[in-house]
Amino acid sequence: MAKLFEGAIKNWKFVLKFSFFSLLFFMAEFFYQFYILIPGELNGSLVRSFALSGATFIGCALIISSIMRWKPELGIHWGTRRAFGVIGSIFILFHVLSVLTFFFNWEISNIFWSLNPIENPLLFGVLALPVFMLMALTSNDVAYVKLGKNWKTLHRFVYFGYLFAIFHFLLINPELLNNLAGYLLLGVTFLALSGELYWFLKHSFKVSFSGLGTKIGFFVILLYLFIGYFAFFAPAAMEQQKTIDNSIEKAVAEMKEFMEKEGGDPDVLTTVVEADQDFSGEMMQSSSFEPINYMTSGSVQIEQRDGIFFVVFQDNFETPNGPDLVVYLTRNSEPTKRDDISNGIKLGELKSTVGKQVYEIPSELNINDFKSVSIHCRAFNVPWSYARLK
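Residue numbers (my numbering): 330 to 719.
What follows is the structure, encoded as C-alpha cells:
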C-alpha cells in the first residue's frame, strides 16, 4: 500500500497544492451553478458542478498530453497531466454518485429506461465511467511498472471513454451548456480533440498509416462521425422531412378544398381521346395505377412502335378531374414525394380523366432508367397517383 502512494507522498507539496486548486475550481463551478445559473437549486448544482469539473479536467489532461508531444522538454511535468486525469475521474465518480442519489434514489434499473443512447444519453455516461475509473486506478507508479508495455495500451482506452463522455454531456441537456461554464467545457473539449487529431494524423503519416494503433485511431474517428450523425444530423433530417410532409398535407387539403369549390380542370377531357383509340404497339412493360391522394384505377403500358416508346393508358383508366394534372416518367418505383417528380421527365398534361390515351417518350431517354409513371397535380405540387412499371 505504501508503494502505491509512494509518488504522492514524495511529491506531497504538489499534491496538496493541486488538490486545493481542484477544490477551488469545483467551488467556482458550484457558485456559478447555484447562485447565478439556476439560483437555489442545490441538487442540480452539485450534479452539474461535478460533471463540468470532471469533464474539464480530463480534457485538460489530454491537452497537456498534446503540448508535451510538441515540447518534449515539458515531460518533467508529466505528473500534472496525471493529476488532472485522476482528479477529473474522481469528480466524474462524484457526479455519478450524486445523480444516483438525487435523481434515481439508487434505483439503478431506472437508468436503462431506453437502450438507445441517442434517446437516453445516460448510457454514454455508463460506458464512460468504467474507463475513467480504470484510468484513475492505474495512474500510479506501481501499475506503470507492473503493466509494462501494456500500460500505454490500456490507457489508450481513455479515447473511447472521452468519446462517450462528450456525447453524454452534449446530449443529456444541451441547453445547460449555453453559459460560461458550458463554453469553458466546450472550448477545452475542442482543444483536446484538435490536439489528439493533429498528433494522430502526424503519427499516421509517419508510419504510412500502418499499425494497430492507427487502425484503432481511425475506428475512434469513425465512431465519432457515426454517433454524431445519428445524434445531430439524422434527427434534423427527420424533422425536415416532417416539415415537408406537413407541407404536403397542407397542400393536399388546399387542393381538395379548391376542387370542391371550383371542380377540375376545364381543359381536360372527361371523355375518351378519340385520336388515341386506334394506337397499337408492342407491349414492353405493364402495370396498374395506385392512388396517393385520389382514387385512380386502370392499367398503363410501355409500348414500342417504329423504334419509339410510348406510355399508353388503357381503356379501363379512370381518375377524378383535378387542377393542372401532368403525366411524368419517374425514376423511383414508389414516387410518392415531390422530389420524385422534380427528378422525373414530363410527358405532357393529362389528356382525359378516362380511357385510352398515348404519351410519347423522348427518344433520347433510356427507358430502363425509369421505374414508374406518375400523375402529378402541378397547381398544388401534390403527387396524385402512380403506376410501378414491371
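Every residue, glycine too, gets a C-beta built ideally from N, C-alpha and C. Computed from a predicted structure; not experimentally measured.
Can you tell me where the alpha helix (DSSP H) holding residue i begins and where it ends?
| i | result |
| --- | --- |
| L654 | From DSSP, L654 is part of no alpha helix (DSSP H) but of the beta strand (DSSP E) over 654-659. |
| W713 | No alpha helix (DSSP H) contains W713, which is instead part of the beta strand (DSSP E) from 711-717. |
| E358 | 341-360 |
| A390 | 371-399 |
| F412 | For clarity, residue 412 is Ala in the given sequence; the question names Phe instead. Taken as a continuous stretch (DSSP letters only), the alpha helix (DSSP H) holding A412 covers 407-431. |
| G557 | 541-557 |
Considering only C-alpha positions, which residue in the set the options is nearest to residue i?
| i | options | result |
| --- | --- | --- |
| S671 | L444, R660, E678, L381 | R660 |
| G388 | K544, R411, G404, N622 | R411 |
| S418 | S626, F386, M397 | F386 |
| G592 | V474, N650, E578 | N650 |
| E647 | L679, P664, I631 | L679 |
| R500 | Y558, I367, F431 | Per the sequence presented here, residue 500 reads as Leu, with Arg not at that position. It is Y558. |
| L718 | L456, T682, E632 | E632 |
| F496 | F538, L513, K481, F453 | F453 |
| W341 | T409, F355, I393, K666 | T409 |
| I393 | G414, L429, V376 | G414 |
| N697 | G627, Q614, S714, D644 | Q614 |
| I577 | G636, R634, D668 | D668 |
| V517 | F587, Y491, H532, L541 | Y491 |
| E693 | I674, F420, L526 | I674 |
| L658 | N645, N695, D635 | N695 |
| V687 | P712, M612, F433, K535 | M612 |
| T665 | E603, F359, K481, P712 | P712 |
| V702 | N710, F709, N445, L676 | L676 |
| V683 | M356, E603, S533, L554 | E603 |
| L463 | T482, E448, I447, F587 | T482 |
| S681 | A716, E402, T599, K544 | T599 |
| V425 | F489, K475, L458 | L458 |
Using DSSP bridges, identify the partner residues of residue i.
| i | result |
| --- | --- |
| Y688 | V640 |
| H705 | V655, P712 |
| S681 | L598 |
| Q633 | E611, F638 |
| S626 | E647 |
| I674 | L658 |
Which residues in the same chain have their Cβ closer than 6 Å to the Cβ of residue i, if we skip the five residues on either side of it in sequence?
| i | result |
| --- | --- |
| R707 | D653, V655 |
| F486 | V460 |
| I416 | S351, F386 |
| P450 | H497, L500, I501 |
| G546 | F529 |
| M330 | Caution applies to M330, whose pLDDT of 48 falls short of 50 and renders its modelled position unreliable; the value that the coordinates give is listed next. For M330, where only same-chain residues beyond five positions count, there are no Cβ hits under 6 Å. |
| A521 | G388, L391, I392 |
| N372 | F431 |
Which residue marks the beginning of the beta strand (DSSP E) containing residue i, and which one marks its end?
| i | result |
| --- | --- |
| F618 | 611-620 |
Excluding the five sequence neighbours on either side, which residues of its own chain have a C-beta within less than 7 Å of the C-beta of residue i, listed in chain order?
| i | result |
| --- | --- |
| F349 | none |
| L333 | Annotation note: pLDDT 48 at L333 (below 50); position unreliable, coordinate value reported separately. For L333, where only same-chain residues beyond five positions count, the Cβ hits under 7 Å are N469, V471. |
| F561 | none |
| Q606 | K685 |
| S714 | F618, E619, P620, I621, Y623, T625, T648, I704 |
| Q643 | G627, S628, V629, Q630, K685 |
| R377 | Q362, L505 |
| L456 | F493 |
| I556 | F496 |
| D596 | none |
| P446 | L452, F453 |
Once the 5 residues before and after residue i are set aside, which same chain residues still bring their CB inside 8 Å of it?
| i | result |
| --- | --- |
| G404 | M397 |
| L509 | Y361 |
| G511 | L381, L505 |
| I437 | L429 |
| N439 | F433 |
| Q526 | The sequence given here has Leu at residue 526, not Gln. Closer than 8 Å at the Cβ level, and outside the excluded window around L526, lie I550. |
| F639 | F608, G610, I631, E632, Q633, V687, Y688, E689, I690 |
| F347 | T409, A412, I416 |
| A357 | none |
Practice problem: Let me know the alpha helix (DSSP H) ranges lying completely inside the segment 439-508, each 4 residues or longer, listed in chain order. | Solution: Counting only runs of 4 or more residues that sit fully inside the segment 439-508, the alpha helix (DSSP H) segments are 451-466, 470-476, 478-484, 487-501, in chain order.
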